[in-house]
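Protein chains: 2
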Amino acid sequence: MKQIFALKGHIIDCDAQKKVRFCPDSHLLIENGLCLGVFPQLPAAYANVPVRDHGDKLILPGFVDLHLHASQYANRGLGLDLELLQWLEQYTFPQESKFACLDYACSIYRAFCRELRQGPVTRACIFATLHTPATLRLMDMLEESGLVAYVGKVNMDRNAPDDLREAGPEQAAADTRRWLAETAARGYRRVKPILTPRFAPSCSPDLLRLLGEMAREGHLPVQSHLSENRDEVALVKRLFPDSPHYAGVYAQYGLLEAGIPAIMAHGLYLQPAEVELLGQCGAFIAHCPSSNANLASGIAPVKALMEAGVPVGLGSDIGAGHSMNLLRLTAQAVACSKLLQRQTAAGNATLRLEEAFYLATRGGGAFFGKAGAFSPGFAADAVVLDDARIRLPQDSLEQRWQKLFYLGDEREICAKYVNGVPIDLQGQNQR
Amino acid sequence: MKQIFALKGHIIDCDAQKKVRFCPDSHLLIENGLCLGVFPQLPAAYANVPVRDHGDKLILPGFVDLHLHASQYANRGLGLDLELLQWLEQYTFPQESKFACLDYACSIYRAFCRELRQGPVTRACIFATLHTPATLRLMDMLEESGLVAYVGKVNMDRNAPDDLREAGPEQAAADTRRWLAETAARGYRRVKPILTPRFAPSCSPDLLRLLGEMAREGHLPVQSHLSENRDEVALVKRLFPDSPHYAGVYAQYGLLEAGIPAIMAHGLYLQPAEVELLGQCGAFIAHCPSSNANLASGIAPVKALMEAGVPVGLGSDIGAGHSMNLLRLTAQAVACSKLLQRQTAAGNATLRLEEAFYLATRGGGAFFGKAGAFSPGFAADAVVLDDARIRLPQDSLEQRWQKLFYLGDEREICAKYVNGVPIDLQGQNQR
């Protein structure tokens, strides 16, 4: 039997050309979890479907966070006087070691899931740690939250502390296969595994090769880091002297190629050949402006990447990024693009707000197929915002939309739908 | 009769060397609105004074916002696809024109004061508009709020729309004198007038000269803008061809000289001679990192200014800056300094978090005399924060302090004191 209903309110989304569409007092018609379209009045054939009337509130597509580390939730805002490689050593790795303890892991993952649920995000691509039991618990919790997520058990077998180093590539691959089998056995509906070599420096060539084989055999997606920091790029060059460039390392081992869905976080210092490779593979860049400022990495040339045909979305990159508020991250992407523009002088690096909104919704949503907008056939993921706290009575709908990104946070969110199903924002019915 | 009491909690402030002082479970002793000092235990002579025990909460000095436009409160987050001169024309000036209507002005100023009261700021230096009645109402509201503020009726007699242009320098000066007389007649205790030529391009040489004379005669402080944007700097050069540089315009007319307390907002593209001049005059730079990113102005070399002996504080620069949350602005000052560092390669541009904290409290506080810290003799301005929402149980006091800047907002603020007097955060007793 078909499940049909409509959401009513001021509906705003982005089209494929990155133009914002404002539909005041309109209906989003949803059938079996998919959008049928947005209508000022319900079409005659649907005149009698149930309507959830959100009145004067704003209805936006669910936001998509393409890159974050759930295991670094406790570290948000800490130690940000350091750069990447030092920060990994002093903050990230000691924190992730603690996830060997399932109780500790659950306490952090529970807090993480609560905040993710209450914020604007409906879909996310998440790094856990290398610990299989804790990673499975995180996946259980996310499944229960109603959100859609890819979650990765992290792989690393070198250049890491003893207690965060897998015992060689074969052992790492075997553990990863067992983890994959267990995720299949649990029959998650919304949460899926994603292969997660941490980044080239922490994986041996053999491990990368084995993961590449696993990706091809299992039609599995991949997430990793790429070109975040200049020291990191230099380190990759030393570790993989035969690769033409950083992206080439992943390509060489079958982790970056057409047919393998992939998300690479950052992409700041890419050579033209790397950009071309990403475009050819359809690999996504997760743009993480807040993280890149906090760790003094710099500013990714995101506009140039988009123009080169690389798919791009936004990533909070918790915990190097401090906030899971993708509304503000959208505004920060704009601000950082302007600072980049000021530096470069040549070319247009500036993201307009609607382009950043595109990245945060439809751009990142594309990694999940048809998601991140209200076009017909798209997943009915929506976030309903009551902006009474931040708007002024005289603000137009477009001005209300602008203010959301500069002044809004989870307090504005009063309802959220994923695949047409309401999310329990407070999680009162959840453990 | 002496009024003596103590605040108890985890007390954190900054010393003159920009070092953070952490005093867990300590007492801030306050006598007649001034700090006597911070003590682990109350000294014997004060053993019986009343203690307001804030338990496990954090007690920080009140934050100081050295530059914001109350009249642009409605514009926060709007039109930030533009740069300074276009933004002034399309957003700022049309908004400020509306302040000719006292009802409109009151509605905006009321909302502005409410938000200022609820946030971390205890002292601010504020631009109103050129309208005297509305400016006086803003001053009334601020006086009533219990906060300390300098407020400026704006002067501009050229390069502005007809309805925002004063009718020549003499008329502008006469209006300003009448405004000053009225502020004196109202007998404000905490709110003071500050001369406010908007910026050199919107003031004729005669107006600048008359304001300079007024500053000297009345021992009045001055606030204006300086070197925010490259086009603006070029415009000043065209308008004042005989001045050696932008700061020299203000100096030439007596608005930037030793003995005249002055705040200049921004200071991005200063020549060495301008930096030297600011240092010699003891003129403050209000560093506005959020505004400078939003309007694509760039990043001020704030570390270099500090090292050159220029006094610096932070400014939200509402409405080009979007948020009055000086906690987050402090973190943003750090992030922007790192992006500047990444650009410049040479020299150390990076602000550490404790240096940014210094700017937001003691640095800006110095414009008000002894304010912005808990040293003996300093004004007893304090903000009490309950960080239960953002901390984790295992966080140390220093980690809790770090997280405030990355994750905190007005929700954490549960009490505020100015000159030892509690502020009514909700303003329930105020009109």
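Chains as they are written, first to last, in my numbering: chain A, 2 to 432; chain D, 2 to 432. Note that beta-carbon positions come from the ideal geometry of N, C-alpha and C, so glycine has one too.
- Within the segment 310-326 of chain D, the residues whose Cβ lies closer than 8 Å to any Cβ of chain A are, in chain order, His-323 and Ser-324.
- Taking Leu-306(D) as the centre and dropping the five residues before and after it, the same chain places the C-beta of Gly-268, Val-276, Ile-286 and Val-313 closer than 7 Å to its C-beta, in chain order.
- Ser-72(D) is outside the set of residues whose beta carbon lies under 9 Å from a beta carbon in chain A.
- The same chain holds no residue with a CB closer than 6 Å to that of Arg-178(D) once the five nearest residues on each side in sequence are set aside.
- The beta-carbon of Thr-93(D) is placed no less than 9 Å from the nearest beta-carbon of chain A.
- Our two residues, Phe-241(A) and Gly-120(D), have alpha carbons roughly 51 Å apart in a direct line.
- A residue is called buried once 16 or more other Cβ atoms fall within 10 Å of its Cβ, and Ser-397(A), having fewer, is exposed.
- Annotation: Gly-373(D) to Phe-369(A) spans about 50 Å, alpha carbon to alpha carbon.
- With a cut-off of 8 Å on Cβ pairs, the segment 414-421 of chain A is in contact with the segment 138-149 of chain A, counting three or more such pairs.
- Remark: C-beta atoms of Met-265(A) and Ala-252(A) do not approach each other more closely than 9 Å.
- Judged by pairs of C-beta atoms under 8 Å, the segment 75-84 of chain D touches the segment 389-408 of chain A, as three or more such pairs exist.
- For Val-21(D), the pairing in a beta bridge is given by DSSP as Cys-15(D).
- For Leu-256(A), same chain residues with a beta-carbon under 8 Å away, outside a window of 5 residues either side, are Leu-196, Pro-198, Leu-209, Leu-212, Gly-213, Ala-216, Val-223, Ser-225 and Ala-263 in chain order.
- Chain D places no beta carbon closer than 9 Å to that of Asn-349(A), leaving this residue out of the contacts.
- Cβ atoms of Leu-315(D) and Ala-284(D) stay farther apart than 8 Å, at about 16 Å.
- Along the segment 215-261 of chain A, the alpha helix (DSSP H) occurs as fully enclosed runs of 4 or more residues at 231-240 and 247-253, listed in sequence order.
- Buried is the label assigned to Lys-154(A), since at least 16 other Cβ atoms lie within 10 Å of its Cβ.
- At a Cβ-Cβ threshold of 9 Å, Gln-403(D) and Leu-85(A) do not count as neighbours.
- In this structure, Val-39(D) and Gly-366(D) do not form a Cβ contact; the two beta carbons are roughly 16 Å apart against a cut-off of 8 Å.
- Assignment of Met-265(A) by DSSP, reduced to helix, strand and coil, places it in the strand class.
- Three or more Cβ pairs drawn from the segment 158-174 of chain A and the segment 200-208 of chain A lie within less than 8 Å of each other, which places the two stretches in contact.
- Look at Phe-285(A) here: in three-state DSSP terms it is strand.
- Under the three-state reduction of DSSP output, Leu-426(D) falls in the coil class, being neither helix nor strand.
- From the listed residues Ser-228(A), Gly-322(A) and Tyr-151(A), the smallest Cα separation to Tyr-189(A) is found for Tyr-151(A).
- Pro-290(A) counts as buried, since no fewer than 16 other beta carbons sit within 10 angstroms of its beta carbon.
- Within chain A, no C-beta atom comes less than 7 Å from the C-beta of Asn-49(D); the nearest is roughly 40 Å away.
- In chain order, Leu-8 place their CB closer than 6 Å to the CB of Arg-53(D), counting only its own chain and leaving out the 5 sequence neighbours on each side.
- Within the segment 163-219 of chain D, the runs of alpha helix (DSSP H) that reach at least 4 residues and sit entirely inside it are, in chain order, 169-187 and 206-219.
- In this structure, the beta-carbon distance from His-70(A) to Ile-319(A) falls below 9 Å.
- Those residues of the segment 260-287 of chain A placed with their C-beta closer than 9 Å to a C-beta in chain D do not exist.
- Residue state for Gly-56(D) is assigned as strand, using DSSP reduced to three classes.
- Scanning Gly-409(D), Ala-350(D) and Leu-360(D) for the CA closest to the CA of Lys-19(D) turns up Leu-360(D).
- Within chain D, Leu-340 have C-beta atoms less than 7 Å from the C-beta of Ile-300(A), given in sequence order.
- Between the segment 89-98 of chain A and the segment 33-51 of chain A, the count of Cβ pairs shorter than 8 Å is below three; the stretches do not touch.
- When DSSP states are grouped into helix, strand and coil, Asp-388(D) belongs to the coil group.
- According to DSSP, Glu-32(A) shares a beta bridge with Ile-5(A) and Leu-35(A).
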